[in-house]
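Residue numbers for the sequence shown follow numbering that gives the first Met the number 0, so the first one is 0 and each next one is one higher.
Idealized CB from N, CA, C, for every residue including glycine.
Data first, discussion second: the structure below is written as structure tokens.
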Amino acid sequence: MNYIDFHVHAFADKIAERTIKALAETAKEAPETNGTLSDTERKMQNWGIDGFVLLSIATKPTQHLVCNNWAASCKSDHIFPFGSVHPDGDDVFQELERIKELGLYGIKLHPDYQHFYADEERLFPIYRKCGELGLPILFHAGVDPVCPDDIHCSPKAAVKALEAAPDTTFILAHLGGNQLWTEVESTLAGNFGNLYFDTAVIGRHMQDDALLFRIMEKHGFDKILLASDCPWDNPEVTIQKIKKLGLTPEQEHAVFAGNAEKLLNL
Numbered sequence: 000m001n002y003i004d005f006h007v008h009a010f011a012d013k014i015a016e017r018t019i020k021a022l023a024e025t026a027k028e029a030p031e032t033n034g035t036l037s038d039t040e041r042k043m044q045n046w047g048i049d050g051f052v053l054l055s056i057a058t059k060p061t062q063h064l065v066c067n068n069w070a071a072s073c074k075s076d077h078i079f080p081f082g083s084v085h086p087d088g089d090d091v092f093q094e095l096e097r098i099k100e101l102g103l104y105g106i107k108l109h110p111d112y113q114h115f116y117a118d119e120e121r122l123f124p125i126y127r128k129c130g131e132l133g134l135p136i137l138f139h140a141g142v143d144p145v146c147p148d149d150i151h152c153s154p155k156a157a158v159k160a161l162e163a164a165p166d167t168t169f170i171l172a173h174l175g176g177n178q179l180w181t182e183v184e185s186t187l188a189g190n191f192g193n194l195y196f197d198t199a200v201i202g203r204h205m206q207d208d209a210l211l212f213r214i215m216e217k218h219g220f221d222k223i224l225l226a227s228d229c230p231w232d233n234p235e236v237t238i239q240k241i242k243k244l245g246l247t248p249e250q251e252h253a254v255f256a257g258n259a260e261k262l263l264n265l
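Encoded structure:
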């Protein structure tokens, strides 16, 4: 595969229209798709993306089963779904086991929507269980439009989570922390062997190309994952931004697909 987008959202047809409308109002962004999986697939093909990681979020403890069953139904040779658990669910560890049995590729946690902070000790057993099961955790990190003044996964909070679960693979979205990239550079980049960054929304929102390159170089091009956060950005924009950085062909391949292939065991 030439391009794998590691951060894509879509929704079941019956909820896609109202969900995408509500999220667009919160984000104050025009979506690139209508939120359905079929439209997302068509757009990804048009953008030249060979495969993508599909992310769902259980925003209530009662959503485990429906969320993960739908994710499993979307799995294909080019769609790699992650599951999700809500930390307040009584059956969270049982559901993690089921996520593994369903063949999902990891879990997505969104502290802002799931109402927790990344460094809360009550989350640490969940992080460690994911490590035992070989399930990478993809976190929303940094500022989010739903609560821009209350950051639930800052770089400092991420440090505590990483230290608490050193055998778990963490992927911090938005290059380690949306709009907190100076702190990412000083606090996270290059410091953890179990940490990846994805590039979700940097194409649209990160203007400092020199800082982008420094973070990628410091952390290691083998720990960076191409990502768009579609429908909130277009992967073509991110690809072109990265191509302007002057990476070697080997580094570009790692970022655009190779690192994802290793994480997903493709």
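Label Gly175 either buried or exposed according to how many other C-beta atoms from any shown protein chain fall within 10 Å of its C-beta, with 16 as the threshold for buried.
buried
Are the beta-carbon atoms of Ile3 and Leu263 separated by less than 9 angstroms?
yes
What are the residues that DSSP puts in a beta bridge with His8?
Leu54
What beta strand (DSSP E) runs, 3 residues minimum, are completely inside the segment 172 to 250?
194 to 197
Is the beta carbon of Phe92 closer than 9 angstroms to that of Tyr126?
no
His85 and Leu54: beta carbons closer than 9 angstroms?
no
Measuring alpha carbon to alpha carbon, tell me which of Leu22, Lys13, Glu24 and Thr58 ends up nearest Leu36.
Lys13
When the Cα atoms are used, what is the spatial distance from Thr39 to Ile19?
12 angstroms
Terminal residues of the continuous beta strand (DSSP E) containing Pro80?
Ile78 to Pro80
Look up Gly323 in the DSSP assignment and say whether it is helix, strand or coil.
The first residue shown for the chain is 0 and the last is 265, placing residue 323 beyond what the model contains.
Under three-state DSSP, which class holds Thr32?
coil
Between Leu224 and Ala259, how many whole angstroms is the CB-CB distance? I'm expecting something under 8 angstroms.
6 angstroms
Taking DSSP as the reference, what is the three-state secondary structure of Gly141?
strand
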